[in-house]
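Asker: Sharing a structure below in structure tokens format, with a few things to ask.
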Amino acid sequence: MTAIVDPRVLHEVALTETEYEQIVALLGRQPNHVELGIFGAMWSEHCSYKTSKPLLRQLPSTGDRVVQGPGENAGAVDIGDGWAVVFKIESHNHPSAIEPHAGAATGVGGILRDVFTMGAFPVATLDSLRFGPLDNPRNRFLFGGVVGGIGDYGNCFGVPTVGGEIYFEDCYTDNPLVNAMAVGLIRKDRLMRASASGAGNKVMLVGADTGRDGIHGATFASVELTEASEERRPAVQVGNPFLEKLLMEACLELVDKELVVAMQDLGAAGLTSSAVECASRGGVGIDIDVSRVSRREEHMSAYDVMLSESQERMLIVVDPERELDVNRVFRKYDLHADDIGEITDTGELRVFDGDDQVAHIPLRLLTDELPIRHPEGRAPKERLDLATEKLIIHTELTPPESFLKLLASPNLASRRGVWRTYDHQVQNNTVVHPGGDAALLRVKGTRKAIAVTTDGNGRYCFLDPRAGARIAVAEAARNIVATGARPLAVTDCLNFGNPEKPEVFWELSESVAGIAEACTALQVPVVSGNVSLYNDTSGTSIYPTPVIGMVGLLDDVEKRLTPAFRHHGDMVVQLGQTRLDLGGSEFLRTCVGRIAGAPPRLDLDLEKRTQAVVLEAADDELLRSCHDVSDGGLAIALAECCLLGGLGADCDAVAEDGADPDVVLFSESQSRFIVSCAPRDVPRLRDLAKKHSVPSQVLGLVGGDTISLGRWLSISLDEAAAAWEGGLAAGQGGFTEGPAR
Amino acid sequence: MSYLAEVHVTLKPLVNDPAGLVIRDGLRNLGFHEVDGVRAGKYLVIEVDAENKVDARYRVEEMCKKLLANPVIEDYRFDVREVEAAPQA
Amino acid sequence: MASFGIVVFPGTWSERDCYYAVHDRLRQDARLIWHKERDLSGLDCVVLPGGFSYGDHLRAGAIARFSPVMQSVVEFARRGGLVLGICNGFQVLCEAHLLPGALMRNASCEFRCVPTLLRVENADTAFTVDCAAEERLSIPISHGEGNYYADADTVARLEGDGRVVFRYVDEHGEASPEANPNGSVNNIAGILGEGGNVLGMMPHPERSCEDLLGSEDGLKIFRGVIRSAERVLAR
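Chains as they are written, first to last, in the working numbering: chain H, -6 to 734; chain X, 183 to 271; chain F, 621 to 855.
Structure follows, in structure tokens:
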């Protein structure tokens, strides 16, 4: 059968001719307009993961504590005392590139819904952000818009924004990355799943009226941005955090009163994906009547209603006998709900417009039968050469000059100007607030606390995707461990360019393999995640940027640690070893002007052992402070401990590979921590390290008002503070309020 | 009959307007150095059913006094005009 | 034992934190009051907590002040009941004209979530009986519209009558511009109504209720309310 279809129609739904022919073969006929739209949405990369699915299967996703692995709206992990933590990370890159404020805001809204749709109360959000350099006004605009959008949504909704990261690299110009992570708490036995069941059960749509916003948002996220993308401006929705808060309260009340069979939020591809996913998970069928859906605009077609991505809407499956009770809850919150359909046992999606059937598709064609892509992956020779290049470290800058330049650079400077615009305290759980390694939230009614962080390094991954991805996982775990908490599980957001390019698919495969290796070694399963492909503009891809969101558990919140030095006279100790690891480093880029070399070496077994030392030391209360060493190396880590504590330090250090100051100060060797402890506890700490075969060195003493490192560095706290606190503001003309109070 | 009211709510002249200052600086940064000052306010469009224009104006005035403007810091002014009723859906 | 009623408007979110402070931390009687309810019987103190009631649309607190519960709150205040408005609650009280002035956008035009130091300007109010005169309290703010404004006459009257209860100060105790997080006139952080029974403050005492969270200073305000309520009973 030769399929006859206008290529422009296919382009609108982002399907290839081959895929179209597949659809015709599977259906046994040509799909009509509505059905084509539904296939386009469900078969889009964003909804189907057709390119990444085979790779994602490599990721470890099981473990003793896993309550819910991948496949639901979010993952869940048991933290004891009857509680589970529910979390997921998701990208909203493409909308943020067009309209940053609304794009970022709706990204936060979407991820919050993924968490409370499981019945969990959202207790924190984090945001991993990447932009092009700030000397470009467009990037400044995107940065300001995204930060504003995150703040406006989270602050209004009432969830604390407690962490994240912000990085600037050329490759993200025009392709900003906005990855939002949400964390919620739920009593383990109340976890709600989005799995419809029970033929005859009613399907209700609650929340905002449906408008034309975001139609083809899922497909929009599955293609490259071009100049023509600006015309797709209607693809960005404006969020309503106030409505979302009411929706959350109502949904949680429904779960609490056990009034629902299943609950699914509407995200990418709106009603289509929610209905399809919810019904498929349950192995049932679903009938939808679009004429019963409340609209915000006139003259909307069935196609419009099925594909609309209007925000703040939930799909609820309800036993008809509970419908009155359910409506009572909605009325309390002045929410509007429509009875739009029914669960059936047909295994099919049937869409009606009043009495007319406008679409009829067996569900498995939308979820299981789509052709998985197996693109070719090929390592680009120039990249391999770049990563094996023998680096010539030549800079005009003296170590103190390099130090101040790095401290003031946008990638390393203080982010306080950003996170003080986020409410990071609401709900009275934030025990360690932003600015440190991981944030820590106590769990009321227990002695526990959960640690949360997001980490990634596009530059390392560019040079060696597998090594860079391994490091991202290790870095996240290190940030968790630095608070004294044990890493539990991961949610990953894979941000890549166009996978149809062989080098990008190679980057993707290698990165996933790296994540799998590290997660297996560190025993942190991946329980949820997101893939964002096609982050290119006019042919240029972003760096491969896998972002790792991680959650950890601290059994006793009183044993928490932060990076800040606390007492004059405490001793500073480094766990781990400094070696020649300047490949892909901040120093190499900022002070030498190159992006080259192999990323730092990572010995996962040593990493694990070093983390074990810190955890044991924290549990034995041997440490007064703890900070992991990462971007910028030892000098920057030490500076952060001093600046956060308001205390100087007098230290000396050596590197395994010689005494080159740039190596000692700025090498980004992995598996290192800077800790401080009372002098009497140092022998026990070093014995503990020895027991685990982890190297340790005493660096010096906390005290004074100068940061000193060997004979190379001696900078006053005030001078360091001025550089660090002003760094990000200097770049972009906002947050200009002078030194932090 | 159907009326459309266009309401402008502005800060009283003596009240400091930080948003206006930021916008003014933003304009100047874009090269519009000729800008002396900016005041930012709100613009609301309200669809009203009323017997006649006088009635509509009276009602809109009540809306402004009661909700739309805060008399401590804001002034208001408005125009009301008759429009064709929206076609029944 | 005092009885607290914590009002919840659509969009309020610090009712849970206020409840935690007075019920879990201070072991007082407390109940949440949905904005459609009107029954405030048996309460010693009504708390209007922080949040973004009605999304802060039009103006913060502008729509919440017309909620059914607010009629009861106005009567409650008229009869001398203690009313504590925190952040959005302060905004609602100003919109409802239970307190003079208005809260405008922060001078920085940014939302700010930062710790502040408050100086107790009047330790003789029903809310500050547990504080010493000029005592410093570490209490955080979290708002985008906390810039207190009132015309010159009103401000003079507030200052003259001792109705400025809290002022933002720096670590030296000075009401300096650097200590002012939002541009409020005279660094005013909290004020008292004419009757002495209504207090509005922008900082969040319910967030300063546990050392684990950074400070317990906020509890002094709630304890002040408890003592005042017990005094009323004793009379």
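Virtual Cβ for every residue (Gly too), placed ideally from N, Cα, C.
So, is H/His329 buried or exposed, given that buried needs 16 or more other C-beta atoms within 10 angstroms?
Answerer: With fewer than 16 Cβ atoms within 10 Å of its Cβ, H/His329 is classed as exposed.
Asker: For X/Met141, does the three-state DSSP call read helix, strand or coil?
Answerer: Outside the modelled stretch of chain X, which goes from 183 to 271, sits residue 141 of chain X, for which no answer is possible.
Asker: Using the Cα positions of H/Val474 and H/Ile143, report the straight-line distance between them to the nearest angstrom.
Answerer: Rounded to whole angstroms, H/Val474 to H/Ile143 spans 27 Å at the Cα level.
Asker: Locate the alpha helix (DSSP H) running through H/Asn472, then write down its first and last residues.
Answerer: Unbroken alpha helix (DSSP H) run through H/Asn472: 458 to 474.
Asker: Can a CB atom of chain F be found closer than 9 Å to the CB of X/Pro200?
Answerer: Chain F, which has a Cβ nearer than 9 Å to the Cβ of X/Pro200, makes this yes.
Asker: Can you give me, in chain order, the residues of the stretch 133 to 156 of chain H that have a beta carbon less than 7 Å from any beta carbon in chain F?
Answerer: Correct list: Gly144, Asn148, Cys149, Gly151.
Asker: Can you check whether the C-beta of F/Ser728 is within less than 9 Å of a C-beta belonging to chain X?
Answerer: Chain X contact via Cβ: present.
Asker: Counting C-beta neighbours from all protein chains within 10 Å, is the total for H/Arg306 16 or more, i.e. buried, or is it exposed?
Answerer: Label assigned to H/Arg306: buried.
Asker: Give the DSSP-derived three-state secondary structure of H/Pro539 in the structure shown.
Answerer: Three-state DSSP puts H/Pro539 in a strand.
Asker: Pick helix, strand or coil for F/Met690, following the three-state DSSP scheme.
Answerer: Three-state DSSP puts F/Met690 in a helix.
Asker: Taking F/Ser762 as the query, report the chain H residues whose CB atoms sit under 8 Å from its CB, ordered along the chain.
Answerer: Those are Asn148, Asp416, Gln418, Val419, listed as they occur along chain H.
Asker: Straight-line CA distance for H/Gly507 to H/Tyr13?
Answerer: Going by the C-alpha atoms only, they are around 35 Å apart.
Asker: Take H/Pro654 as the anchor and find which of H/Phe396, H/Val152, H/His26, H/Ser267 has the nearest alpha-carbon.
Answerer: Looking at the Cα atoms, H/Phe396 is the closest of the given residues.
Asker: Between F/Gly793 and the rest of its own chain, which residues show a CB-CB distance below 6 Å, the 5 nearest in sequence each way excluded?
Answerer: Contacts found: none.
Asker: Between H/Thr476, H/Leu405, H/Asn404, which lies nearest to H/Val425 when the distance is taken from Cα to Cα?
Answerer: H/Val425 has its Cα closest to that of H/Thr476, out of H/Thr476, H/Leu405, H/Asn404.
Asker: Determine the chain X residues that contact F/Arg725 at a beta-carbon separation under 7 Å, and present them in chain order.
Answerer: Under the 7 Å cutoff, chain X gives Pro200, Ala201.
Asker: Tell me where the alpha helix (DSSP H) around F/Phe710 begins and ends.
Answerer: Its alpha helix (DSSP H) spans residues 708 to 715.
Asker: Check the Cβ-Cβ distances between X/Ile255 and every residue of chain F, and say whether any is below 9 Å.
Answerer: Taking Cβ atoms only, chain F reaches closer than 9 Å to X/Ile255, which makes this a yes.
Asker: Taking H/Leu239 as the query, report the chain F residues whose CB atoms sit under 8 Å from its CB, ordered along the chain.
Answerer: Per Cβ cutoff of 8 Å: Pro630, Gly631.
Asker: Against chain F, does H/Asn194 count as a neighbour if the rule is that its beta carbon must be under 9 Å from one of theirs?
Answerer: Not one chain F Cβ lies under 9 Å of H/Asn194.
Asker: Would you check if there are 3 or more beta carbon pairs closer than 8 Å linking the stretch 496 to 516 of chain H to the stretch 461 to 475 of chain H?
Answerer: Yes: the two stretches touch, three or more of their Cβ pairs being nearer than 8 Å.
Asker: At a CB-CB cut-off below 9 Å, which residues of chain F make contact with X/Val230?
Answerer: The contacting residues do not exist; X/Val230 stays about 17 Å from chain F at best.
Asker: Please report how far the alpha carbon of H/Arg226 lies from the alpha carbon of H/Asp182, in whole angstroms.
Answerer: With a pLDDT of 39 at H/Arg226, under the threshold of 50, the modelled position of this residue cannot be trusted; read the value that follows with caution. Going by the C-alpha atoms only, they are around 43 Å apart.
Asker: Listed from N- to C-terminal order along the chain, which residues in the stretch 303 to 332 of chain H have their beta-carbon within a distance smaller than 9 Å of any beta-carbon of chain C?
Answerer: Included in the structure are the protein chains H, X and F, with no chain C among them.
Asker: Of all the CB atoms in chain F, is at least one closer than 9 Å to the CB of H/Thr423?
Answerer: For H/Thr423, the answer is yes, since a Cβ of chain F falls inside 9 Å of its Cβ.
Asker: Hey, could you find the ends of the alpha helix (DSSP H) H/Met35 is sitting in?
Answerer: H/Met35 -> alpha helix (DSSP H) spans 26 to 35.
Asker: Assuming H/Pro234 and F/Gly675 make a contact with CB atoms under 8 Å, what is their CB distance in whole Å?
Answerer: Sure, about 7 Å apart at Cβ, within 8 Å.
Asker: Could you tell me which chain F residues have their CB closer than 9 Å to the CB of H/Pro234, listed as they occur along the chain?
Answerer: What H/Pro234 touches in chain F: Gly631, Phe672, Gly675.
Asker: Need the endpoints of the alpha helix (DSSP H) that H/Lys325 sits in, please.
Answerer: 316 to 325 is the extent of the alpha helix (DSSP H) around H/Lys325.
Asker: Mind checking if X/Asn211 is an interface residue toward chain F, Cβ cutoff 9 Å exclusive?
Answerer: It does not; no Cβ of chain F falls within 9 Å.
Asker: My output table needs one value for H/His87: the three-state DSSP class, helix, strand or coil.
Answerer: Residue state, collapsed to three classes: helix.
Asker: Give the DSSP bridge partners of F/Cys665, in chain order.
Answerer: Paired residue(s): F/Phe624, F/Leu702.
Asker: Report yes if the C-beta distance between H/Ala467 and H/Leu515 is below 9 Å; otherwise report no.
Answerer: Against a cut-off of 9 Å, the Cβ pair of H/Leu515 and H/Ala467 comes out as a contact.
Asker: Please report the straight-line C-alpha distance between H/Ser623 and H/Ser84, rounded to a whole angstrom.
Answerer: The straight-line gap from Cα to Cα measures roughly 24 Å.
Asker: If you draw a straight line from the alpha carbon of H/Val269 to that of H/Asn132, how long is it in whole angstroms?
Answerer: Taking the straight line from one Cα to the other gives about 38 Å.
Asker: Is H/Arg289 close to chain F, meaning its C-beta is less than 9 Å from at least one C-beta of that chain?
Answerer: Not closer than 9 Å to any Cβ of chain F, the Cβ of H/Arg289 fails to qualify, so no.
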